[in-house]
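Undergrad:
There are 6 protein chains.
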Amino acid sequence: MTEIKQLSPQDEFTGFYLLKELDVRQTNATPPKDYFDIVLSDSSGQISAKYWDVSTADKETFFPMMLVKVRGIVQLYRERLQVKVTRIRKVTDEDNVSITDFIRSAPIRPVDLVHAIKQSMNSIQDEQIRQIVAYCVGKVEEKLMHYPAAKTHHHAYFAGLAYHMARMLELGDFICKQRPFLKPDYIKAGIILHDIAKPEEMVAQLGIVSEYSLQGKLIGHIAMASNWITEAAIHSGIPLDAECVLGLQHLVLSHHNLGEWGSPVQPQTAEAVALHHIDALDAKLQMVEDALDTTPETEPWTPMIRGLENKAIYKLGTN
Amino acid sequence: MTEIKQLSPQDEFTGFYLLKELDVRQTNATPPKDYFDIVLSDSSGQISAKYWDVSTADKETFFPMMLVKVRGIVQLYRERLQVKVTRIRKVTDEDNVSITDFIRSAPIRPVDLVHAIKQSMNSIQDEQIRQIVAYCVGKVEEKLMHYPAAKTHHHAYFAGLAYHMARMLELGDFICKQRPFLKPDYIKAGIILHDIAKPEEMVAQLGIVSEYSLQGKLIGHIAMASNWITEAAIHSGIPLDAECVLGLQHLVLSHHNLGEWGSPVQPQTAEAVALHHIDALDAKLQMVEDALDTTPETEPWTPMIRGLENKAIYKLGTN
Amino acid sequence: MTEIKQLSPQDEFTGFYLLKELDVRQTNATPPKDYFDIVLSDSSGQISAKYWDVSTADKETFFPMMLVKVRGIVQLYRERLQVKVTRIRKVTDEDNVSITDFIRSAPIRPVDLVHAIKQSMNSIQDEQIRQIVAYCVGKVEEKLMHYPAAKTHHHAYFAGLAYHMARMLELGDFICKQRPFLKPDYIKAGIILHDIAKPEEMVAQLGIVSEYSLQGKLIGHIAMASNWITEAAIHSGIPLDAECVLGLQHLVLSHHNLGEWGSPVQPQTAEAVALHHIDALDAKLQMVEDALDTTPETEPWTPMIRGLENKAIYKLGTN
Amino acid sequence: MTEIKQLSPQDEFTGFYLLKELDVRQTNATPPKDYFDIVLSDSSGQISAKYWDVSTADKETFFPMMLVKVRGIVQLYRERLQVKVTRIRKVTDEDNVSITDFIRSAPIRPVDLVHAIKQSMNSIQDEQIRQIVAYCVGKVEEKLMHYPAAKTHHHAYFAGLAYHMARMLELGDFICKQRPFLKPDYIKAGIILHDIAKPEEMVAQLGIVSEYSLQGKLIGHIAMASNWITEAAIHSGIPLDAECVLGLQHLVLSHHNLGEWGSPVQPQTAEAVALHHIDALDAKLQMVEDALDTTPETEPWTPMIRGLENKAIYKLGTN
Amino acid sequence: MTEIKQLSPQDEFTGFYLLKELDVRQTNATPPKDYFDIVLSDSSGQISAKYWDVSTADKETFFPMMLVKVRGIVQLYRERLQVKVTRIRKVTDEDNVSITDFIRSAPIRPVDLVHAIKQSMNSIQDEQIRQIVAYCVGKVEEKLMHYPAAKTHHHAYFAGLAYHMARMLELGDFICKQRPFLKPDYIKAGIILHDIAKPEEMVAQLGIVSEYSLQGKLIGHIAMASNWITEAAIHSGIPLDAECVLGLQHLVLSHHNLGEWGSPVQPQTAEAVALHHIDALDAKLQMVEDALDTTPETEPWTPMIRGLENKAIYKLGTN
Amino acid sequence: MTEIKQLSPQDEFTGFYLLKELDVRQTNATPPKDYFDIVLSDSSGQISAKYWDVSTADKETFFPMMLVKVRGIVQLYRERLQVKVTRIRKVTDEDNVSITDFIRSAPIRPVDLVHAIKQSMNSIQDEQIRQIVAYCVGKVEEKLMHYPAAKTHHHAYFAGLAYHMARMLELGDFICKQRPFLKPDYIKAGIILHDIAKPEEMVAQLGIVSEYSLQGKLIGHIAMASNWITEAAIHSGIPLDAECVLGLQHLVLSHHNLGEWGSPVQPQTAEAVALHHIDALDAKLQMVEDALDTTPETEPWTPMIRGLENKAIYKLGTN
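Chains as they are written, first to last, in our numbering: chain A, 14 to 332; chain B, 14 to 332; chain C, 14 to 332; chain D, 14 to 332; chain E, 14 to 332; chain F, 14 to 332.
1. List, from N- to C-terminal side, the alpha helix (DSSP H) runs of 4 residues or more that fit wholly inside the segment 263-327 of chain C.
2. For ILE121(D) and HIS128(D), I'd like the C-alpha separation in whole angstroms.
3. Between the segment 69-92 of chain E and chain A, which residues of the former have CB atoms less than 9 Å from a CB of the latter, in chain order?
4. Using a Cβ-Cβ cut-off of less than 7 Å, list which residues of the segment 307-328 of chain E approach chain C; keep chain order.
5. How would you label MET215(A), buried or exposed, when you count the other beta carbons within 10 angstroms and need 16 or more for buried?
6. So is LEU231(F) in contact with chain D if we call contact Cβ pairs under 8 Å?
7. Any idea what DSSP makes of GLN23(A), helix, strand or coil?
8. Would you tell me roughly how many angstroms separate the C-alpha atoms of ALA70(A) and GLN88(C), rounded to the nearest one?
9. Of all the CB atoms in chain C, is at least one closer than 8 Å to the CB of TRP274(D)?
10. Please determine, among MET134(F), ILE251(F) and LYS297(F), the residue with the shortest C-alpha to C-alpha distance to ILE188(A).
11. Using 8 Å for Cβ pairs, my map puts SER133(E) next to LEU182(E). What's the rounded Cβ distance?
12. Determine which residues share a DSSP beta bridge with VAL216(A) and list them.
13. Would you report the Cα separation of LEU80(C) and ASP106(C), rounded to the nearest angstrom?
14. Kindly list the residues whose CB is nearer than 8 Å to the CB of ILE326(C), restricted to its own chain and excluding five residues on each side of it in sequence; keep chain order.
15. Report the three-state DSSP secondary structure of THR99(F) (helix, strand or coil).
16. Which same chain residues, not among the five before or five after LYS156(A), have their C-beta less than 7 Å away from its C-beta?
17. Along the segment 180-214 of chain C, where does the CB come closer than 9 Å to a CB of chain B? Name the residues.
See below:
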């Protein structure tokens with residue numbers, strides 16, 4: 014079965030794919046005819062597709078986020094690849110395929126990621142800090158198993174958020190060893206809490222964000238996480254003027270570093286400075302990794318990456 | 014008794030003033046001598062002063078924020094007025110002066126301002142909104158009687174914050190009548206809550222801010238107010254996902270309009286757009302009024318005003 | 014008859030509409046066929062439409078800004094509504110419809126708006142100021158009855174400019190009462206003059222701006238209004254160095270507040286500061302109102318609004 | 014007689030100088046003593062000075078912009094040169110010195126500069142353009158003989174404005190020859206008019222700007238020049254909608270290129286694009302020339318120049 | 014034969030053109046048909062075109078940058094002109110046309126431009142400077158005969174780069190005469206070297222840039238030219254710490270003036286300030302000239318020009 | 014002996030210090046008297062000092078960067094500590110103190126740092142990359158033993174540059190293990206080369222930068238390093254178009270990430286993205302560490318740190 018990342022112009026192929034997006038549209042013909050404007054995806058990437066011969070039955074058969082078997086031809090349209098679908102049908106039990114095989118996922122199993130995060134959380138020595146972190150993690154625990162870290166920017170796939178946390182925790186441990194003036198409890202807590210409200214800021218399914226939630230738009234994950242810490246402290250009987258409440262709220266509020274990037278205050282503790290840069294380093298390198306992973310091996314350049322000043326990345330050694 | 018605003022070069026004068034700032038410094042002489050670097054103030058303004066003949070006793074007698082009787086001469090130093098103090102003593106009971114006569118205050122009595130604010134609060138129809146507002150007002154009620162609205166920008170005087178709120182509430186009522194699509198409950202609540210955490214963000218005495226608090230620096234009054242709404246909802250048994258919690262938190266979080274001005278989200282309700290502009294209009298006109306009030310009548314220009322693009326204001330009609 | 018704002022996918026409808034835009038285009042067919050690319054509008058909003066079966070006669074019958082009777086079907090095209098026109102004809106006298114019923118208008122009659130503006134103008138006490146205002150109003154008096162205030166930003170409809178002025182005058186009166194240091198003559202004059210050159214800056218018909226004029230592009234309404242004040246003073250025998258000439262030119266030149274928003278000088282009189290903020294408050298709230306008015310009631314969000322940091326507005330209470 | 018530019022630390026010298034600035038100040042001594050805080054200047058530059066032994070008579074003898082004979086010693090104070098004045102007296106007729114010998118001037122005689130400008134003006138072919146230019150030049154003709162082009166930025170000396178114009182006219186002629194699509198009449202007129210209102214924007218004496226005028230602050234030279242063109246057209250009977258009025262106003266309004274640099278519109282004619290860049294090239298190179306002229310020959314670097322991104326200029330060949 | 018610049022809607026025409034771009038695409042028909050998406054160009058401009066009836070043979074006959082004879086009809090598509098090609102064939106020897114007749118070129122012959130540049134280079138008095146310039150010119154000498162100065166911004170045609178240099182050298186000579194403090198050797202060298210690496214930064218054919226080179230993207234022409242100067246010095250036995258190496262590298266590194274425009278250092282020699290402004294003046298006026306040249310004479314406005322704040326240029330006198 | 018960091022107002026103390034800065038100034042007295050304006054430093058920090066009774070001999074005895082024994086009193090001047098020196102003498106051999114005890118140094122011995130850097134350099138597998146790195150390191154090897162990494166921003170002390178490199182190399186190793194798509198050779202080389210030209214960009218002694226060099230100002234360390242790579246390649250016989258030359262020059266040119274921060278190109282290889290963020294993380298955390306190290310333990314806040322958005326850092330746990 015052909016991976017989407019490997020398709021080239023003129024290829025004829027058959028395979029199972031996820032119907033990531035599907036719109037019914039109409040041609041300009043008279044009378045106009047219905048056709049499907051489709052995005053097919055698998056774990057290697059995604060591609061646009063058109064299905065021109067749509068019957069009335071088809072319109073009641075196919076819906077987004079469904080698995081399908083497709084036969085198609087690859088064409089070049091406005092310098093981008095596009096599939097002309099010649100046959101399409103729903104997957105049946107006999108096909109023996111599972112949806113999780115067709116989505117991009119973190120390279121480590123969600124259960125292992127969440128386990129690592131919890132282990133790190135449980136190693137926090139300060140009881141109040143640990144309680145607050147545990148309460149907040151508890152609010153989104155189920156979603157941590159599959160939520161992406163962002164809509165498109167970075168870690169935009171199944172369990173991407175937990176993967177981002179786990180990687181940052183490794184880096185945080187290293188930095189704490191290099192720089193003993195940093196307090197590991199705050200570093201761990203800051204890493205776990207900084208994006209903890211993202212699962213409520215975005216609406217996602219199978220690692221794919223469809224939109225921002227109402228809360229996400231009007232409050233944003235930064236202020237939401239701050240509010241959750243207030244809620245956690247009240248729930249755990251921790252005084253609201255305890256230093257750890259202040260320290261943790263400062264970490265989440267300042268982690269975007271600048272007002273124009275969404276932080277109402279700028280980092281003013283050693284741990285807050287560290288958190289911002291650990292987050293930046295991990296997110297930016299992940300953008301590079303994500304782009305490399307979905308670029309065909311023969312291509313010397315990835316597509317342009319918005320979060321990297323709109324630059325494409327060149328692969329040294331491919332020249 | 015001469016008002017500070019009326020002092021001119023070469024004036025010799027005697028009067029009662031507030032010792033707003035006092036530092037002991039040393040001249041370059043050999044051996045160096047101690048002198049006082051002073052800021053005198055009254056309700057009309059403030060002025061720098063030097064007291065050259067400081068005795069050891071003086072250093073144990075005079076402290077900032079104390080009322081004093083001063084005899085002095087006005088001199089011009091680097092194009093600014095400065096008083097050379099020739100005599101100074103503490104005020105005694107017989108002087109029959111009260112500190113509140115020497116500080117700049119809102120032009121309306123604090124008790125009346127707070128009364129107006131509470132009346133407006135009580136006219137909020139939605140019970141949940143009213144409860145949240147009341148809880149937050151309750152947290153700072155005593156300080157509302159005297160806190161300024163800012164350190165220097167605008168309304169930087171006794172009860173300036175309450176005055177700012179009261180004026181905005183009048184303007185809010187007018188705008189709600191002009192534009193019926195605005196919900197008066199949210200407008201009132203937004204006006205009362207938008208700066209409600211300022212008394213905890215700043216440390217002030219007699220309407221004069223000495224510094225920002227630790228909370229003020231690390232959290233800021235915008236996120237603090239959002240946290241208080243969470244706290245108020247929990248305390249009042251209002252579900253945290255009630256729309257009014259969302260709507261009120263959005264109002265306080267967005268009222269600075271842009272990220273670079275400290276708002277983590279931008280206004281996305283009609284009331285939030287209105288709140289930002291009512292706040293801006295009142296604050297900017299107050300900066301003008303404050304500058305005009307402390308500029309001698311014969312001066313055609315006020316000093317430069319930082320919040321108005323660093324421009325001075327020209328008084329039409331004085332040319 | 015169906016209002017455009019109420020159309021939903023799959024609706025079949027018949028009605029009278031304004032042919033706001035009309036282009037003849039060609040399909041990709043061989044040989045290509047002509048079709049009409051249309052924008053239909055009525056007082057509730059506007060919608061794209063296609064008419065596929067265009068005859069040679071049709072091309073000589075239909076032109077922009079004409080009233081037509083249309084039968085059509087509503088389709089969804091790239092997530093936006095679009096009408097497929099099945100029949101179209103010109104309106105006849107028997108249809109008994111008037112073009113003014115099909116355009117968005119200020120909610121108050123133009124004649125009443127202009128009357129209110131003139132009343133305010135006549136209440137200006139200073140004779141020179143009043144003469145200058147009257148001269149400038151005289152230059153565009155006829156256009157004031159129907160010109161919009163902007164191309165798309167705000168008040169972009171029939172008599173929108175006069176409506177903007179009238180509303181600002183109400184707000185100006187309120188502010189002058191709140192803040193007695195403001196000179197009402199300048200506030201009134203500034204409000205009437207600040208956008209007075211807009212009818213010469215833009216070319217508009219029935220409240221719809223088709224383009225900027227040559228003057229509008231090369232001089233802009235801000236400098237044009239300043240020039241007009243010079244012209245008015247010469248015409249009225251007022252010395253060019255009279256303070257009111259200076260004060261009024263300063264008001265119009267500074268009302269956009271910052272250089273990057275088009276003002277060559279920044280506000281430096283109390284009245285100029287007030288004018289900018291009265292203008293901003295009215296314009297921004299009108300953007301909200303305009304967006305709410307053209308959003309179907311069942312939609313919780315308006316479209317994105319460029320003048321409001323590109324944010325959409327959420328309607329509290331619709332969740 | 015020693016030129017100021019040649020003074021070095023420890024020099025003792027006697028000479029005639031202009032008392033460019035003079036303030037009476039007081040020492041910290043008890044009782045404080047009066048002293049003069051002075052800026053001395055000649056045509057080669059300027060230097061700070063102190064005169065410590067000020068008598069009551071001195072205070073009634075010496076005033077700014079007066080010629081004096083000074084004996085002094087050069088000292089180093091905070092890494093800058095400063096003169097300690099040991100003797101000072103007013104110049105008498107017998108000294109046989111003239112104030113114009115002590116001020117920085119354009120390197121060409123004002124009468125020749127103004128003659129060149131007028132010659133260029135008279136070579137304008139289009140009668141209407143020539144009339145407008147002539148009217149505007151007429152308004153400031155006397156001041157053109159001595160006004161500087163700016164307060165400190167560039168050409169900040171006697172007849173600096175006329176010098177700037179004359180140099181730009183030479184460059185304009187060259188560019189018009191290189192690029193025949195440019196209309197020489199507009200280039201000449203634009204060069205003469207672009208800063209024509211500066212003599213009314215600033216208050217200057219002997220080429221030294223003391224402050225901005227009220228008009229200068231509230232209107233600015235850009236809009237003033239636009240207003241003057243309106244006035245000129247009315248005075249000369251040229252219709253206000255004549256293309257040359259539009260073209261000339263566009264030139265002056267757009268010559269700062271960007272809104273944040275003070276232009277309410279951006280260049281939109283070929284001549285306006287040319288004018289902006291001819292102005293920039295001449296002004297920036299003059300900043301370099303002015304800095305080189307007042308830097309001692311042995312210094313490899315000039316002081317920092319604000320208009321050149323705050324950079325100092327290195328003299329190649331001095332290393 | 015019709016020039017592209019003169020084509021109007023509905024014109025039927027026959028002529029020789031350059032096939033500047035050609036893509037094979039497919040219609041939406043079922044089955045889809047191939048068609049050519051084409052850009053035709055000649056020395057007067059360029060235009061989009063479609064060729065609907067593509068045979069298999071056609072797809073092997075036509076390629077970009079080939080000369081063709083075309084018959085076609087001009088249509089209006091989305092407010093832009095577009096040609097419907099009815100016949101197309103390759104040019105044969107008998108047609109007696111040469112590709113250089115079909116491309117935009119500098120108005121002066123390349124050989125004359127390069128001659129003028131070399132003459133200027135040879136007039137450099139300082140031997141080291143001359144050697145370095147000669148070495149760098151030698152690296153791209155062949156490409157100087159035809160390379161454009163930019164992809165689209167300015168001088169984007171055959172020999173545009175040499176034309177830009179030659180024009181700047183004329184202007185540089187004039188400025189050096191006006192301002193004797195400038196060192197002509199550095200001005201000449203700076204002008205010749207500032208864009209000398211552009212032929213290696215971009216990939217171009219017949220004056221048309223197809224893309225940036227790998228070096229161009231990763232190093233950029235500014236740092237490339239600096240590296241070349243190092244290389245030239247080593248090659249010519251000039252010490253790397255010679256002042257001319259420093260002075261020349263500073264000129265190329267600083268010529269974009271600001272960091273955000275690509276210069277890692279800002280101009281800090283008189284010659285570097287001059288170079289930046291000579292470059293800016295020539296480039297901006299060329300943008301105007303290029304736009305005027307490709308705008309039909311009857312059009313009063315050119316298209317919008319990106320390098321001129323996205324403004325269109327109005328032709329005075331066409332109103 | 015009292016460390017400078019521990020001095021408090023009114024302390025009388027005796028100790029050995031480095032005379033980091035020394036200026037001879039004059040009092041305002043008549044006649045004025047000479048005094049020394051001094052900065053004393055030791056490894057714990059620095060402090061201003063005045064020495065009022067300067068003899069002629071003193072002026073020939075004391076010079077900057079000399080070790081002295083000082084007796085003094087600590088005073089408060091404008092809210093900052095300042096020492097009044099009562100006795101001062103040069104250090105003699107008997108004092109048995111060494112200058113290196115009085116300067117801030119990296120916490121690891123320079124010889125160990127340089128050893129670690131070389132070890133890392135020698136572990137580079139690609140011979141060409143290793144040769145280029147070795148050549149560049151060779152140019153500044155001696156200075157690597159003591160140069161700071163910056164004037165004030167971060168690592169501004171003895172061997173600070175080598176310390177910065179060594180720390181980054183540790184972090185680079187960790188990141189390469191986390192992210193196998195990164196090429197360790199380029200990461201190591203990029204870390205060693207990114208600031209390799211700083212010892213030629215700045216003039217420093219004992220870890221204290223006195224000024225930028227001429228090269229530093231006109232070329233900057235970024236372009237200098239790029240030029241050095243060209244030089245290294247020529248010297249080592251590596252073709253200038255070898256990919257490693259391109260890759261290494263890209264790393265140094267892009268490591269400041271944005272044009273406004275001095276990089277003429279933006280990161281476009283995975284290693285360049287990593288290098289920028291490893292550099293940022295290490296530099297910013299070092300700023301925090303440096304500030305914490307020189308802040309008295311009892312102070313809850315460090316001074317404001319320019320490189321951290323001008324924020325002070327709060328020490329959690331000190332409240």
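Heads up, the beta-carbon is just placed ideally off N, CA and C, and yes, glycines get one too.
TA: Taking the geometry as given:
1. 283-306
2. So the alpha carbons of these two residues sit roughly 11 Å apart.
3. From the segment 69-92 of chain E, no residue has a Cβ closer than 9 Å to chain A.
4. TYR327
5. buried
6. yes
7. DSSP places GLN23(A) in coil when its eight states are reduced to three.
8. About 19 Å.
9. Taking Cβ atoms only, chain C reaches closer than 8 Å to TRP274(D), which makes this a yes.
10. Ranking MET134(F), ILE251(F) and LYS297(F) by CA distance to the CA of ILE188(A) puts LYS297(F) first.
11. 5 Å
12. GLU224(A)
13. 11 Å
14. VAL301, ALA304, LEU305, TRP314, THR315 and ILE318
15. Reduced to three states, the DSSP call for THR99(F) is strand.
16. PRO212
17. ARG180, GLU183, LEU184, PHE187, ILE188, GLN191, ARG192, PHE194, LEU195, LYS196 and TYR199
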